[in-house]
Amino acid sequence: MTPLDKGQLWVMRIRAGAIGLLALVAAAIAETVLRDEIGLARGVIVLPLLPPLLWLALIAPGRRFRAWGYRVDGEELEVRHGVWTEVETVVPFERVQHIDIAQGPLERAFGVTRLIVHTAGTLHSQVPLPGLARATAERMRDEIRARIRRDEA
Amino acid sequence: MSEALRADRRVHPGTIFLRFLKEAPSTVLALPAALAVISDAGIGRALAVAGAIAAAAIFFQWLAWSRFRYGVGAGEIVIESGILHRNRRSIPFGRIQDVDIERALLARLFGLAKVRIETGAGGKDEGLLDSVTVAEADRLRGAVRAWRGEQAALAAGAAPDGAEAESQDGGDPRPDPLAPPARPLFAMGVRRVLLFGLFNFSLFYIASLFAFLQTFDNLLPFDIYDPARWIGLVETRLPGRFTLGAIVAVLLLAMLLGLAAGVLRTLSRHHGFRLTAEGDRFRRERGLFTRTEAVIAKRRVQLAYVRTGPIRRAFGWSGLSFQTLGAASDGSGMQEAAPFARRDEMAPILAEAAPLRLPPPPTLAMVSSRHIVRAMATSLAPATIVIAALSVRWPAALLLVALLPLLGVAAALDRRFHRYALDGELLFVTRGVWRQQLWVVPVANAQAVSIARSVLQRRLGLATVSIDTAGAAILRGVRIVDIGDEAARRLAGKVAEGRRLHSSGRKSGTER
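Chains as they are written, first to last, in our numbering: chain A, 224 to 376; chain B, 3 to 514.
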């Protein structure tokens, strides 16, 4: 299984960090407000939240990043992800309807793109594969297109 | 370097104005109007605010317009869009099923049209060009058609015996002057419908009674949620008659009313049910007051779904539906073919939609026995928590612990009734103790196959396999829960193999 591009790790870390920061700020605000109203001790809300938020921002992204992997196998694309629940999805090229290559501003800063493969299914009508360098994503897209064209011939 | 089809065209600039106009009532006019009413700022201020909002709106529309580009050629359509989140979508010609040209009134005034490109994908909005000139829209449609024509010519040239009867033009089906006669497959007479209604016991009327009461909650002289009141009510209404006999009578009455409601609803929905085969499609009619008709193209049938309940099964009745591409009334593709039939009546219907058939019972294998362990683990935890919480208040709740082994029995039954088998080109999956379901899936129709393993499953060496198909309802996909790791991989492999083998004659399972 090929791992994702390293840039994706930073994207994940920054996203997790942003969420953690927001949660911390919300907790701090709640605590300040409630302290005036009820008279809680300092840090009753923020301190218990700190360990899980630290985990979320520092450790979890690394684990999630390592859990992602993909493999292109001539006729199909296999994508694996998930830390708590591992999911492996196999998408045959001939089932692909159309292909997206997407890139948000954060992803552009680290040079990774997301390849989204659309199928006719319902549960997996979209199969995303984040963390690919643009060249890799385009190469994969061309492979899939070539396969589709062979399908039509 | 990829072939990077240049996305070099922009939609018509008039679109900016069009979209602005469409959104104007809600954004530009609403806010200033509200302001003018709320604060006494005067018309001048309100107009100034409206002007500012309008300018901002036009600016954003312009931004979106300038970031939206598309290109046609080299066998695909490419659409690049997005201000912050850039997205480049590539749609191969071969996957395009339809090019819809939509001409709304406002757009028509400016000579523009919205082009909708439909592929077989299960989501929505595969490709939307909003808006181009009518000439450009026709050019696009012409390009796709021309390409299809080429492909058809190539295919016809390569297969001189004309075996490729399923032409790739995907356009209007050729009207067949000699339409094949309709062959009746299945019909439900009045007696059958009434019997079906009996099995459709419905406490619907009690629910509607409570709904009615709830609407007028405030006007009633008592609180409908207080059980003591109900008992008090009964006591005052039936002084001295609050006997066992009275309770039994009331229950009997409720049951009779439930039965009657069920029969009436079934009658109005399924009266005169008729399923006929007409060449390459099924036609289904039903209904007493509103006669509805549905056409199910055989080629679009993805799988067969048989459902039965414990009492029905004892009497030999089940219901057959087909899952098809394209939406039914509830959004999924489930169409009822024989809602209340015996198994031998279903066999000829399934034979029409070859290669489907019913499985001979003994050949299905059960899922792993460790499923019992997992099912028990997942149900024991919440159960013990609930009992513990209750016993804090009512120590007698501890007695409920004696019922916990029942969870084990339920889990064992669950496992016994969850079976699967891969038999040539068909995958059979059964599930459910109370409501027994059977899926018959030709592997040629499998889309993506996915194997999921949660923490507990990894510990126990289990996995859940789900086989995605087109037109499935969200929670009713084909899933085989808790089979062994190795078995899961083998199954996924065999499904992939079977799909490659049997779908070589069909393209992507998504033709119309």
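Where a beta carbon is used, it is the ideal one built from N, C-alpha and C, also for glycine.
Residue environment, residue 68 of chain B, which counts as buried when at least 16 other CB atoms sit within 10 Å: Per the 10 Å Cβ criterion, exposed.
Check the Cβ of residue 290 of chain A against every Cβ in chain B and list those closer than 8 Å, keeping chain order. Chain B residues near residue 290 of chain A: none, gap ~12 Å exceeds 8 Å.
In this structure, does DSSP put residue 112 of chain B in helix, strand or coil? coil
Going by C-alpha distance, which of B:14, B:158, B:344 is nearest residue 310 of chain B? B:344
Let me check understanding here. Comparing Cα to Cα, which of B:294, B:428, B:262, B:266 lies closest to residue 276 of chain B? B:294
Between residue 94 of chain B and chain A, is the shortest Cβ-Cβ distance under 9 Å, so that the two count as touching? yes
Out of B:120, B:140, B:143, point me to the one whose CA is closest to residue 99 of chain B's CA. B:120
Separation of residue 118 of chain B from residue 136 of chain B, as counted between CA atoms: Rounded to the nearest angstrom, the two C-alpha atoms are 13 Å apart.
Thinking residue 237 of chain A and residue 92 of chain B are a contact (beta carbons under 8 Å), I'd like their distance in whole angstroms, please. Between residue 92 of chain B and residue 237 of chain A the Cβ distance is about 29 Å, and since that is not below 8 Å, they are no contact.
What does residue 441 of chain B pair with, by DSSP beta-bridge criteria? B:307, B:431
Nearest-angstrom Cα separation, counted from residue 356 of chain B out to residue 301 of chain B: 10 Å
Where the segment 467–484 of chain B meets chain A: residues whose CB sits under 8 Å from a CB there: Residues 468, 470, 471, 472, 473, 474, 475, 476, 479.
If we require 3 or more residues per run, which beta strand (DSSP E) segments fall completely within the segment 252–299 of chain B? Within the segment 252–299 of chain B, the complete beta strand (DSSP E) segments of 3 residues or longer fall at 276–280, 283–288, 294–299, listed in chain order.
Pull up the DSSP beta-bridge partners for residue 325 of chain A, would you. A:337, B:89
Close-in-space but distant-in-sequence residues of the same chain around residue 512 of chain B (CB under 6 Å, 5 per side omitted): Confidence in residue 512 of chain B is poor, its pLDDT being 45 and thus under 50, which makes the residue's placement too unreliable to answer from.
Residue 359 of chain A (DSSP reduced to helix, strand or coil): helix
Along the alpha helix (DSSP H) that carries residue 384 of chain B, what are the first and last residues, could you check? 372–395
Which of the three DSSP states, helix, strand or coil, is assigned to residue 129 of chain B? strand
Cα-Cα, which of B:455, B:297, B:184 is closest to residue 336 of chain B? The residue with the shortest Cα to Cα distance from residue 336 of chain B is B:297.
Please report the distance separating the alpha-carbon of residue 365 of chain A from that of residue 447 of chain B. 24 Å
Does the beta carbon of residue 269 of chain A sit closer than 9 Å to a beta carbon anywhere in chain B? By this cut-off, residue 269 of chain A is not an interface position.
Residue 53 of chain B to residue 17 of chain B, Cα distance in whole Å? 20 Å
Over what stretch of residues does the alpha helix (DSSP H) that includes residue 518 of chain B continue unbroken? This structure cannot speak to residue 518 of chain B, because chain B is shown only from 3 to 514.
Whole-angstrom distance between residue 441 of chain B and residue 88 of chain B, CA atom to CA atom: Whole-angstrom Cα-Cα distance: 41 Å.
Using a beta-carbon distance below 9 Å, is residue 86 of chain B in contact with chain A? yes
Restricting to runs no shorter than 3 residues, where is the beta strand (DSSP E) found entirely within the segment 237–279 of chain A? none
Would you please state the rounded distance, in angstroms, between the beta carbons of residue 198 of chain B and residue 272 of chain B? I believe it to be under 8 Å. The Cβ separation is near 7 Å, so the contact holds.
How many Å lie between residue 229 of chain A and residue 451 of chain B at the Cα? 28 Å
Looking at chain B, is there any beta carbon in it that lies within less than 9 Å of the beta carbon of residue 311 of chain A? yes
Hey, does residue 294 of chain A have any beta-carbon neighbour from chain B nearer than 9 Å? no
By alpha-carbon positions, which one of A:269, A:359, A:348 ends up nearest to residue 315 of chain A? The shortest C-alpha separation from residue 315 of chain A is found at A:348.
So which of B:282, B:458, B:431 has the shortest CA-CA distance to residue 362 of chain B? B:431
So which residues on chain B does residue 231 of chain A lean against when the C-beta distance must stay under 8 Å? By Cβ distance, chain B contributes nothing, its closest Cβ being about 16 Å from residue 231 of chain A, past 8 Å.
Grouping DSSP H, G and I as helix and E and B as strand, with all else coil, what is residue 10 of chain B? coil
Does any C-beta atom of chain B lie closer than 9 Å to the C-beta of residue 238 of chain A? no
Give the residues of chain B in contact with residue 321 of chain A, contact being defined as C-beta atoms less than 8 Å apart. Going along chain B in sequence order, the residues near residue 321 of chain A (Cβ under 8 Å) are 91, 92, 93, 94, 97, 121, 123, 128, 129.
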